[in-house]
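Taking it in order: structure first as structure tokens, then the write-up.
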Amino acid sequence: MPFKLKAISNFDVTKDERDGKVRDVCDHAVWSLSSCKPGHGIDQLLSESTDTFWQSDGPQPHCVNIQFPRKMVLSKLCLYTDYKVDESYTPSRLAIRVGNTIHDLIELLEVELQEPTGWSVIPLNWPDGSPLRTFLLQIAISANHQNGRDTHLRAIRLHSPVECRGLNTLAPFVSREGRAFMTIRQGWGLVLYLLLFGPSSYKIKRIKKDLKFENSRKCSLKSLLSSTLDADLLFHRHEQMLNIINGENVNIEELKRLSIDGCPDSNGIRSKFLLNYLPYNVDKRQERITFNRRQYEGYIKEFVFESCMADAMPADHPLNLEPDGNWIAFFRDNEILLQINKDCQRLCPDFDFFRRPTEYSSLSLFGKEVPVGVLRRRGETSALQSRSLNKNLAGVTNMIHLSTYSPFQPNHRLSSGLVTQSQISKMNRNSDWNSTSPHEEPHWEVIERILYVYYKTHVSQGYVQGMNEIIAPIYYVFATDPDESWRKYAEMDTFYCFNNLMTEIHPNFLRKLDGSHEAGLGGQMKILSDLLSKFDSNLSKHLKKIELVPEHFAFRWLSLLLAREFMLPDVLLLWDTLFSDPHRFNLLPYVCCSMLIGIRDQLLKADFPTAVQLVQNYPSNVDVMRILLKARAFYTDRQI
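Using our numbering, the first residue of the sequence shown is number 1, and each one after it goes up by one.
Printed below as a string of structure tokens:
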């Protein structure tokens, strides 16, 4: 059972900070909200001012998810509320949950707040008094004063003791078990840790009760342990991968074999091998890296700096209607750039990493020749110019929009026509990111720059909406690499890895293949239908009865490699398996089939509108590891 306590009210939260005993680690985390009112999201919650607030906008419980890239030691959670002002919006009961991912949370505390005004402090530690170390902390507000529906939180601080260090800094560990736990990134890591090191009487309360596909009964500790990879095996696998990567010649087949079940952290350099970026021979590696980075720097200066100069306007006449005229190319580039800009600002709305400033801006990488925000400013300026030209130069506008059809036109969407809403967290989608410094830029602007360079170097293919979803997980892995020598060049390495990946999956972006039953997305959707008929004929018949066909959902699933269906950490786990499969993406339709079977009970009860909403907003409480295990079981018997 979770431990119950009453929060300490009217606490001076800055005293321990001033005394150097604790530090606020809010800036070290990635934040997401279960819901929020426009203008009352993460920015307001993390603001220094207590006059602003987060306001939820949905059913209870209202959740704040705080996820750290490395295991963090936490000592106190401080919440600022104001019952005198907010009344029924003020929380009265909340739960503190911790875990490795959103799927393995356990309830640590139940907290009561009695008409709180000011800072309330919640001590964080295990019931035996040992320090709390966790990747993910969730605040779940289950009740408000006066039975209010939505909630207000005005500020939040999360303290970590200065004298304690996270597990990632304690290498090498003394014990083998400790080192093994460091390698656990997904699955039942927290449960295994408690079983290995915690008190034998410690009881775990499962928050998620429906992880199993067949039923929703609670899992016992014994069954959880039996489904968890052995710690010795994890540690041994991690050592094997490091030996392969650090060897003179990388055995890529062996690396894939070790990676296919999901991998420990440090997957930045491993992903570069899996995406065919780094040469397997160590003697050729540095030469390739140096050449690619110099080449990319040349692309930046040619396509970003020179094209955005004030005097770089086309030299020919604006009314020149030649298809290869400079003005036509200028307007086409601006149109694509505007679309890339919009798509990048919308990246992972419930995951604020891409709105945070990068450590290495264009100024630090390419010098003052490439100012921060140059593409964004060009897009803003060209939008005004385009509106003016649309009004006065109708011929030019018609020429642009009546140009030869290309499947890579920016208005070719990758999702079905049935619109669903995604939750919004930190950023108002209609507002721009405001840099706190002229030398800083958010991560989404780095991705914008990569995609624009990709478009300019692949004019025959161009840019298609959805490419931003493909590139985001790759960039995230490289931009959070613990090795600074790799992290600094995340932009350049992402460009080439993304280029290699697009070379493999480009049929997904060919519209002419969508209706084919042999190739492209059409062929993959046909395979998915056949798989579902084979492995769950009742579900297949029901979906046909309500006329739910793969085109309603699988178009996006298959095109984007499921990048939009799961939280980013789960996408990384999924991609580990896809990239490590010897036949590459042949496994993907099997994963999609497993996803449908994973929610079969809900689908069998659903009519068409309900089923569409379900598959287009795939439930977040379905465990990705179980989906992959079932998919691979299908895959071993894949003769249809």
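Cβ coordinates follow ideal geometry from the N, Cα and C atoms, glycine included. None of the values given here were measured: they were computed from a predicted structure.
- Query: Where does P482 land, buried or exposed, given buried means 16+ other C-beta within 10 angstroms?
  - Reply: exposed
- Query: Count the other CB atoms within 10 Å of the CB of S201; is the residue buried (16 or more) or exposed (fewer)?
  - Reply: Residue confidence is low: S201 scores 34 on pLDDT, short of 50, so the model does not pin down where it sits. No coordinate-derived value is stated.
- Does DSSP put D16 in a helix, a strand or coil? helix
- Message: What does the Cβ neighbour count give for H62, buried or exposed, with the cut at 16 atoms within 10 Å?
- Response: buried
- Query: Hey, how far is the Cα of V641 from the Cα of R487?
  - Reply: Residue 641 lies beyond the residue range present for the chain, which begins at 1 and ends at 640; the question has no answer from this structure.
- Message: In whole angstroms, give me the CA-to-CA distance for V464 and S160.
- Response: 43 Å
- Which value, in whole angstroms, describes the spacing of the CA atoms of V111 and Y80? 14 Å
- Task: Would you grab the beta carbon distance between P123 and K84 for me? Rounded to a whole angstrom, and I think it's under 8 Å.
- Result: Not confirmed; about 25 Å, so no contact.
- Item | Candidates N125, F303, P569, of which the one nearest P473 by Cα | P569
- Query: Between the C-alpha atoms of L562 and D352, what's the straight-line distance to the nearest angstrom?
  - Reply: 20 Å
- Message: Suppose contacts are defined by Cβ-Cβ distances below 8 Å. Is R564 in contact with E469 by that definition?
- Response: yes
- Message: Using only the alpha-carbon positions, how far apart do H145 and P609 sit?
- Response: 36 Å
- Span separating the alpha-carbon of Q602 from that of F535: 17 Å
- Item | Alpha-carbon spacing of N100 relative to V615, whole angstroms | 26 Å
- Item | Three-way DSSP call (helix, strand, coil) for K71 in this model | strand
- Outcome for H238 when other beta-carbon atoms lying within 10 angstroms are tallied against a minimum of 16: buried
- Compare the Cα-Cα distances from E17 to each of K630, I102, L258, L158 and report the closest residue. L158
- Cβ shell of Q55 (< 8 Å), same chain only, five flanking positions each side left out: C36, K37, H40, Y89, D150, T151, H152
- Item | Proximity below 8 Å, CB of I340 to CB of E448 | yes
- Item | N292 to K456 span [Cα, whole Å] | 16 Å
- Query: Are there 16 or more other CB atoms within 10 angstroms of the CB of A479, so buried, or fewer, so exposed?
  - Reply: buried
- Throw me the rounded Cβ distance for the N246 and Y280 pair, which I believe falls under 8 Å. The pair is not a contact, with the Cβ atoms about 13 Å apart (cut-off 8 Å).
- Task: Provide the residue span of the beta strand (DSSP E) that contains K76, from first to last.
- Result: 76–82
- Message: Let me make sure I understand the geometry here. Which of A606, V98, M567, K630 has the alpha-carbon closest to that of C592?
- Response: K630
- Task: Give the straight-line distance between the Cα atoms of Y627 and N65, rounded to the nearest whole angstrom.
- Result: Reading off the sequence, residue 627 comes out as Ile, not Tyr. Spanning the two alpha carbons is a distance of roughly 23 Å.
- Item | Cβ pair R154, F68 closer than 8 Å | no
- Query: What is the rounded straight-line gap between the Cα of Y618 and the Cα of L347?
  - Reply: 18 Å
- Among V22, I597, M241, which one has its Cα closest to the Cα of F273? M241
- Query: So, is L33 buried or exposed, given that buried needs 16 or more other C-beta atoms within 10 angstroms?
  - Reply: buried
- Distance CB(Y277)-CB(N538) smaller than 8 Å: no
- Query: Do you know how far the Cα of D607 is from the Cα of L451?
  - Reply: 40 Å
- Option nearest G649 by Cα separation, candidates P507, L532, V98: Lying before the first or after the last residue shown, residue 649 is absent from the chain, which here runs from 1 to 640.
- Where E110 falls: helix, strand or coil (DSSP): strand
- Taking L74 and L132 to be in contact with their CB atoms under 8 Å, please state how far apart those CB atoms are, rounded to whole angstroms. 5 Å
- Message: According to DSSP, simplified to helix, strand and coil, what is D24?
- Response: strand
- Message: Does T14 pass the burial test, meaning 16 or more other C-beta atoms within 10 Å, or should it be called exposed?
- Response: exposed
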